[in-house]
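To keep things clear, I will list the structure first and then write my remarks on it.
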Amino acid sequence: MKQVRNISGTMAPLPRSNVDTDQIMPKQFLKRVERSGYGQFLFHDWARIPGGGLDPGFVLNRPEYRAARVLVSGPNFGSGSSREHAPWGIQDWGFEAVIAPSFADIFYSNCTKIGLLPVALPETDVTRLIDLATSDPGAAVEVDVEGQTVEAGGRQTRFEIDPFTKFRLLEGLDDIGLTLRNIDTISAFEAARPTFLPTLG
């Protein structure tokens, strides 16, 4: 995955609590084996009116929010099933970070493993960001992973992130990348392995 250091752009406000993964990425779209192509299905049911047409009032269908890089929503974001497709869809749409007062644990972990930054801020700060993005769709936000800050509307707020997750994001290391950091040790172990033992080859 790519390094995640600074994220700058505009925000898309989604002022809803308990946004679950079945709303983020409905189950009928969990058929792809690759990680790409899920953005078109993001919030599928909310984004459409009865009959299947796009709802022009839904935030992601509004042209002023189409280029937003940060999604701002309510508490307990990503609850429900543990499907990885939910963060895949958010990232594939073009979002680089999600800001909310709280996240479901598995969703949070799944985000960090693909380089989608989940930022937990106090609810009052999240409400302020939602209000700012609603009143001014062009309002800029900047998220600094190294400094652990979110700055928008002339105010800066610090967020917490555990050191190991922060390291992975800054270095762009997914699970495979972490393993490959030890490739010399792995290769040495394989080379010393007795030939009479079973192999996968």
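Sequence positions in the sequence shown follow our numbering and run 1438 to 1638.
Where a beta carbon is used, it is the ideal one built from N, C-alpha and C, also for glycine.
The structure displayed is predicted, hence computed values, not measured ones.
Assigned exposure category for residue i - 16 Cβ within 10 Å defines buried
i	result
Ser1519	exposed
Gly1526	buried
Ile1613	exposed
Val1563	buried
Glu1501	exposed
Thr1458	buried
Asp1482	exposed
Phe1544	buried
Thr1636	exposed
Glu1597	exposed
Arg1469	exposed
Leu1606	buried
Ile1461	buried
Check whether residue i and residue j have beta carbons under 7 angstroms apart
i	j	result
Thr1447	Ala1505	yes
Leu1554	Ser1510	no
Arg1537	Phe1514	Position check: residue 1537 holds Ala in this sequence, whereas Arg was assumed. Yes.
Leu1497	Ala1484	yes
Met1438	Asp1611	yes
Asp1529	Ser1473	yes
Thr1549	Thr1594	no
Minimum Cβ-Cβ distance from residue i to chain E less than 7 angstroms
i	result
Phe1532	You won't find chain E in this structure, because it holds only one protein chain.
Distance between beta carbons of residue j and residue i, contact taken as under 8 angstroms
i	j	result
Val1507	Val1582	Rounded, the Cβ-Cβ distance is 13 angstroms, inconsistent with contact.
Glu1608	Gln1440	6 angstroms
Pro1524	Ile1551	6 angstroms
Ala1541	Ser1516	4 angstroms
Gly1531	Gly1575	With 8 angstroms as the limit, Gly1531 and Gly1575 do not qualify as a contact, their Cβ atoms being about 16 angstroms apart.
Pro1512	Glu1560	7 angstroms
Which complete alpha helix (DSSP H) runs does the segment 1544 to 1583 hold, if anything under 4 residues is left out?
Taking only runs of at least 4 residues, the alpha helix (DSSP H) segments lying wholly in the segment 1544 to 1583 are 1560 to 1572.
Alpha helix (DSSP H) runs wholly inside the segment 1588 to 1622, at least 4 long, in chain order
1600 to 1608, 1612 to 1617
At 3 residues or longer, what runs of the beta strand (DSSP E) sit wholly inside the segment 1506 to 1537?
1507 to 1510, 1534 to 1537
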